[in-house]
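In the working numbering, the protein residues as written are 141 to 302. Backbone N, C-alpha and C define an ideal beta-carbon position, used for all residues, glycine too. Small disclaimer: the values here were computed from a predicted structure and weren't measured. Okay, so here's the structure we're looking at.
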């Protein structure tokens, strides 16, 4: 959830009084104002990345109307930014793509659900909005190097062993 800025204490050099500070302070000048702007932009980008990660987690973990929406459309609407901007920012910062991140989150959820042993692979595929069990299995194997079934068997054996 995106937090509100109402009632927020502004860091030094930021907020409504910032312009007054730069005009009145003898050591402030164009360079210090530019540095403050850069740090504000960096903080803004870091916050946007945090919000992006939360939005991806929400998207993967909650089935809703967005399940029928493209990932790019959902994230763009939720974060109120152009998807191309979000994708470029994400890849510049992490070295990976948003799609790879989404797949990683989904596969981690599949692993947890497989290990819990409470759901079948068909139920897991449905819960995580995979188009089919085959799609889930192929993606799982591509990421982990194992099939979901072999992952479940190996991990269960490791839990039993002392």
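With a threshold of 16 other CB atoms inside 10 Å of the CB of residue i, please say whether the residue is buried or exposed.
i	result
residue 163	For residue 163, the predicted model reports a pLDDT of 37, less than 50, meaning its position is unreliable; a value from the coordinates is still stated below. So residue 163 ends up on the exposed side.
residue 182	exposed
residue 275	exposed
Could you check whether residue j and residue i sit closer than 8 Å to each other, using their CB atoms as the reference points?
i	j	result
residue 200	residue 246	yes
residue 291	residue 254	yes
residue 215	residue 189	no
residue 234	residue 227	no
residue 197	residue 218	no
Cutting at 7 Å between CB atoms, please list the residues of its own chain near residue i, excluding the five before and the five after it.
i	result
residue 212	223
residue 281	287
residue 243	279, 283
residue 231	237
residue 277	287, 288
residue 185	229
With a CB to CB cut of under 8 Å and the five nearest residues on each side skipped, what residues in its chain are close to residue i?
i	result
residue 273	261, 262, 265
residue 239	211
CB-CB under 6 Å to residue i, same chain, minus the five flanking residues each way: which ones, in chain order?
i	result
residue 252	none
Would you call the stretch 264-271 in contact with the stretch 223-241, where contact means no fewer than 3 C-beta pairs closer than 8 Å? no
Whole alpha helix (DSSP H) elements within the stretch 205-284, 4-residue minimum: 211-219, 223-234, 238-256, 261-267, 273-284
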